[in-house]
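Colleague:
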Amino acid sequence: MSDLKEILADEAGRILGNLCTPEAVNAAGGGGFSSALWSAVESSALHHACLGEADGGAGLGLGDALPMVRRFANFAAPVPIADALLGSILLQRAGLALPQGLLALAHAPLTLSSSATGRSRVPYGRHAARIVLWQKEGDSLRVALLDPADQTFTRGLNLAGEAIDMLEMTGAPLLAVGQATMSADDLLAWGALLRAAQLVGVMEQALALAVEHANTRVQFGRSLSAFQAVQHSLVVAFGECAAATAAMETAAALSVERPHALAVPAAKIRAGKAATVVARTAHQVLGAMGYTHEHALHQYTRRIWSWRDEFGAEAEWSRKLGAQARQHAQTGNPDGLWDWITVKGIA
Amino acid sequence: MTSAPEAIRFPYVEVPESAQALRREVRTFLAEERASGSFEPACDCWADFSEAMSKKLGARGWLGMTWPKVHGGQERSLIERWVVTEELLAAGAPVGAHWIADRQSGPQILRYGTDEQRRFFLPQIARGECYFAIGMSEPGAGSDLSSARTVGEKVEGGWKITGQKVWTTWAHRAHYAITFCRTSPQEKDRHAGFSQFIVDLKAPGVTIRPIVNLSGEHHFNEIYLDGVFVPDSRVLGEIGGGWQQLMSELALERSGPERFLSPYPLLNAFAESATPDNDAALGSMLAEVFTLRQMSRSVAGQLMTGRLPNVEAALVKDVGNAYEQRMQDIVREAQTSAAGLQAGDALQRHFECAVMRSPSFTLRGGTSEVLRGVVARALGLR
Chain A
378 MSDLKEILAD EAGRILGNLC TPEAVNAAGG GGFSSALWSA VESSALHHAC
428 LGEADGGAGL GLGDALPMVR RFANFAAPVP IADALLGSIL LQRAGLALPQ
478 GLLALAHAPL TLSSSATGRS RVPYGRHAAR IVLWQKEGDS LRVALLDPAD
528 QTFTRGLNLA GEAIDMLEMT GAPLLAVGQA TMSADDLLAW GALLRAAQLV
578 GVMEQALALA VEHANTRVQF GRSLSAFQAV QHSLVVAFGE CAAATAAMET
628 AAALSVERPH ALAVPAAKIR AGKAATVVAR TAHQVLGAMG YTHEHALHQY
678 TRRIWSWRDE FGAEAEWSRK LGAQARQHAQ TGNPDGLWDW ITVKGIA
Chain B
471 MTSAPEAIRF PYVEVPESAQ ALRREVRTFL AEERASGSFE PACDCWADFS
521 EAMSKKLGAR GWLGMTWPKV HGGQERSLIE RWVVTEELLA AGAPVGAHWI
571 ADRQSGPQIL RYGTDEQRRF FLPQIARGEC YFAIGMSEPG AGSDLSSART
621 VGEKVEGGWK ITGQKVWTTW AHRAHYAITF CRTSPQEKDR HAGFSQFIVD
671 LKAPGVTIRP IVNLSGEHHF NEIYLDGVFV PDSRVLGEIG GGWQQLMSEL
721 ALERSGPERF LSPYPLLNAF AESATPDNDA ALGSMLAEVF TLRQMSRSVA
771 GQLMTGRLPN VEAALVKDVG NAYEQRMQDI VREAQTSAAG LQAGDALQRH
821 FECAVMRSPS FTLRGGTSEV LRGVVARALG LR
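Chains as they are written, first to last, in our numbering: chain A, 378 to 724; chain B, 471 to 852.
1) For B:F602, write down the residues that DSSP places opposite it in a beta bridge.
2) Between which two residues does the beta strand (DSSP E) carrying A:R519 extend?
3) Buried or exposed: which applies to B:D572, given that a residue is buried once 16 or more other Cβ atoms fall within 10 Å of its Cβ?
4) Express the C-alpha separation of B:L695 and B:Q634 in angstroms, rounding to a whole number.
5) Given B:D514, which residues of its chain have a CB within under 6 Å of its CB, disregarding the five upstream and five downstream residues?
6) Less than 8 Å between CB atoms is the rule here; does A:P444 satisfy it with respect to chain B?
7) Give the straight-line distance between the Cα atoms of A:A640 and B:Q764, rounded to the nearest whole angstrom.
8) According to the neighbour-count rule (16 or more other Cβ atoms, all chains shown, within 10 Å of its Cβ), is B:S613 buried or exposed?
9) Is it the case that the Cβ atoms of A:L518 and A:L443 are separated by a distance below 8 Å?
10) Once you ignore the five residues that flank A:T488 on each side, which residues in its own chain have a CB closer than 8 Å to its CB?
11) Strictly below 7 Å CB to CB, what residues from chain A border B:E742?
12) Closer than 6 Å by C-beta to A:L601: which residues in its own chain qualify, once you throw out the five before and the five after it? Chain order, please.
13) Where B:S766 and B:S520 are concerned, what is the direct C-alpha to C-alpha distance, given to the nearest angstrom?
14) Say whether the segment 582 to 600 of chain B touches the segment 528 to 544 of chain B, bearing in mind that this needs 3 or more beta-carbon pairs closer than 8 Å, one atom from each stretch.
15) State buried or exposed for B:V540, treating a residue as buried only when at least 16 other CB atoms are found within 10 Å of its CB.
16) May I ask you to report which of helix, strand or coil DSSP gives B:M471?
17) Give the residues of chain A in contact with B:G850, contact being defined as C-beta atoms less than 9 Å apart.
18) For a contact meaning CB atoms closer than 8 Å, what does B:V789 contact in chain A?
19) Under 7 Å between beta-carbons, which chain A residues line up against B:R497? List them in chain order, please.
20) Would you list, in chain order, the members of the segment 681 to 697 of chain A that have their beta-carbon closer than 8 Å to a beta-carbon of chain B?
21) Name the chain B residues that come within less than 9 Å of A:G699, Cβ to Cβ?
22) Can you give the beta carbon distance from B:Y482 to A:T622, rounded, assuming they're within the 8 Å contact cut?
23) Exposed or buried, B:R802, counting other C-beta atoms within 10 Å across all chains shown (16 or more means buried)?
24) CB A:L534 to CB A:G408, shorter than 8 Å?
25) For a test of the three-state rule: what should DSSP assign to A:F530, helix, strand or coil?
26) In whole angstroms, what separates the C-alpha of B:L706 from that of B:Q666?
27) Taking Cβ to Cβ, would you say B:Q798 is nearer than 8 Å to B:F831?
28) Nearest to B:H689 by alpha carbon, out of B:S768, B:W569 and B:H642?
29) What did DSSP end up calling B:G843 once you bin it into helix, strand or coil?
30) Ignoring anything shorter than 4 residues or poking outside the segment 615 to 696 of chain A, list the alpha helix (DSSP H) runs there in chain order.
31) Within the chosen definition, does the segment 648 to 660 of chain B reach the segment 594 to 609 of chain B through at least 3 CB pairs nearer than 8 Å?
32) How would you label A:L522, buried or exposed, when you count the other beta carbons within 10 angstroms and need 16 or more for buried?
33) In the DSSP assignment, what residue or residues form a beta bridge with B:H521?
34) Show which residues of chain B have a CB atom less than 7 Å away from the CB atom of A:R657.
So, in structure tokens, the structure goes:
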């Protein structure tokens, strides 16, 4: 399986290298989308990587798709690969047929039966061919497929300039409805793990830009990288990124059937913290140049500022993780917390 | 598009079932020891000296455990050793007596020593009976070790060592110190001309004086070496190869769980007395511990493949030490809004110990500044 995940990541890298130029990324700013890139993704079935081979997928677990997702983030690709992967898994778990075209993913509105009524925040909604709506139902999820063609969107953007559209539905007819064997908590955790991988991808690129600038920009007669203060702030940021990467990769390895209860929260917390440091450091090193729209840095740092808060920011995951830890520590066994931290599968 | 340098990485390393079984054995032993009153869990426990504990661990085969059986080892993997190490630290057991010998002096002797040296030293270390100190720092050579001025001069049958070492933890109770000396005059390459000697700390000419730390404890010392005779048989490795030998110790010295688990007993005490108000603080610390354990274990895994991950080890220590110091702030901030630190309870005791020892975290084994220099070089910044 490890070979396959690298093959997919390399395939993604090849496609992105051809189509996801800085011009294409800039052109998609302000809520845009690269349809040329998405066509190539669909041709290679990268968006179905987590489906079974019978459904035209590669049969990867979501954790094994993360190297590919990270590659998309390396390029600040203006396509919702992570949400599309998760949407395809939901449809498959619900036994619903996969439609053609871009899938968007959204938490469902008030009523979700044969029709939908309410408001829903939909990333890339205006570009989607179909929207996968989900709603918690006990320990599983109700999943429905909506054609957004006749729906009203109020257009919005996240800090990264990605389309985040508000969908207003009043008795909107649904194309299909099903029940997926996945808990709402697990769905959010999978989303958090995907965002952690995406954060690593944009952190790597922001750091690469900062290191390159430090090595080439000359002030006071020497390169910025000759100043120890600059070296050390870059190293601290690099260490943060390395830590986030290690946490994310471990969480991926441990989350085979289900998202791991300790590893996934830890990965999202660590990635969010690290990304904040990386964005701040990269901007400091790149100076006023990095603060312009012309420079590519903002394509990465603005994604950091958006993605760190999506699928649960550090505070939310820290509370959840801390509550679990507290319960394990307060069983009366002095090793209770350590037992939990080192249980097989985390060890 | 370039990404982070490929050379610096922390691939996930699984813990095999054999190591988990070993983990349970160690944990059971430590729980029994704790119950019997043999030790009281403490922060920074690898600075606490207990011959009794070291001998018990040696008797169970948990020291020198990766070494060949012929030298008293168990031929276990570095991952198994890593597991034992973190169990000892999490329990807060006093493991300072054997720590340096087991972690780096023994492995150096195994790697560079003569067969006679291996046969003489390693079994004693593995039994928990023979302790080493680190003879690196000098008054004029702290972070800048290449300025070391202690000299080794060739004499009939051996070497005469003259100079001074400092900050030498447990030198007053250890038996030997691998001592870093200049054995030929400094040339253009400032790393050339150094050698390592296994100095018997009871030998004539060795004077050890205490240096009391800020909390009044006597851990470290200064060592005066006044023409100390070291026989040829106690040269470690190559004369002139000291710097390279020393570099190969650093990954062992910097990457272990002691670089982030020193205040684990404080974290545990905090969790035991936490209220739901403390969940966010607790969760953020847990995320760090989880992450650092993966990074540290990854370095152990890389060492097993023969790679020398010095840059990764520097990052484990730097990120780990930053957490060790920051977690004290998190505990303080959380406590101001919750129960408060109660005098005399475990939380208070661990907090005070962690705070008083914390200045040493980012100094010992390479300062943060030195570590960041190592990483900066690898990133192409210098």
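Even glycine gets a Cβ: it sits at the ideal position worked out from N, Cα and C.
Modeller: Here's the rundown:
1) Answer by DSSP bridge pairing, in chain order: B:Y646.
2) Note, A:R519: beta strand (DSSP E), S517 to L523.
3) If you draw a 10 Å sphere on the C-beta of B:D572, you find 16 or more other C-beta atoms in it, and that means buried.
4) B:L695 has its alpha-carbon roughly 6 Å from the corresponding atom of B:Q634.
5) Excluding positions up to five away in sequence, the list reads S732 and R827.
6) Not one chain B Cβ lies under 8 Å of A:P444.
7) Looking at the two C-alpha atoms, the distance is approximately 10 Å.
8) Burial check for B:S613: the Cβ neighbour count within 10 Å stays below 16, so the residue is exposed.
9) Cβ atoms of A:L518 and A:L443: not closer than 8 Å.
10) Same-chain partners within the cutoff: T494 and G495.
11) Within chain A, the residues placing a beta-carbon under 7 Å from that of B:E742 are A706 and Q707, ordered along the chain.
12) Here A:L601 has A591, R594 and V607 as same chain residues with Cβ atoms under 6 Å from its own Cβ, once five neighbours each way along the sequence are excluded.
13) Distance between the alpha carbons of B:S766 and B:S520 is about 26 Å.
14) Between the segment 582 to 600 of chain B and the segment 528 to 544 of chain B, the count of Cβ pairs shorter than 8 Å is three or higher; the stretches touch.
15) Burial call: exposed.
16) The pLDDT assigned to B:M471 is 40, lower than 50, so where the model puts this residue is not dependable; a value taken from the coordinates is nonetheless given after this. In the structure shown, B:M471 sits in coil (DSSP, three-state: anything other than H, G, I, E or B).
17) Taking a Cβ-Cβ cut-off of 9 Å, the neighbours of B:G850 in chain A comprise V588, N592 and S602, given in sequence order.
18) Going along chain A in sequence order, the residues near B:V789 (Cβ under 8 Å) are G616, E617, A619 and A620.
19) Per Cβ cutoff of 7 Å: D712.
20) Only those residues of the segment 681 to 697 of chain A whose C-beta falls short of 8 Å from the nearest C-beta of chain B are listed: E691, A692, W694, S695, R696 and K697.
21) Neighbours of A:G699 across chain B, judged by C-beta separation under 9 Å: A741, A744, P746, N748, D749, A750, A751, L752, G753, S754, M755 and L756.
22) Between the beta-carbon of B:Y482 and that of A:T622 there is about 10 Å, and that puts the pair past the 8 Å contact cut.
23) Classification for B:R802: exposed.
24) In contact: A:L534 and A:G408 (Cβ atoms closer than 8 Å).
25) Here DSSP, grouped into helix, strand and coil, assigns A:F530 to strand.
26) If you take the alpha carbons of B:L706 and B:Q666, they lie about 5 Å apart.
27) Cβ atoms of B:Q798 and B:F831: not closer than 8 Å.
28) The option with the nearest alpha carbon to B:H689 is B:H642.
29) For B:G843, the three-state secondary structure derived from DSSP is helix.
30) List check, alpha helix (DSSP H) in window: 640 to 663 and 674 to 684.
31) Three or more beta-carbon pairs separated by less than 8 Å link the segment 648 to 660 of chain B to the segment 594 to 609 of chain B, which places the two stretches in contact.
32) A:L522 comes out buried.
33) The sequence given here has Glu at residue 521 of chain B, not His. According to DSSP, B:E521 bridges with nothing at all.
34) Neighbours of A:R657 on chain B: none; closest Cβ ~16 Å, over 7 Å.
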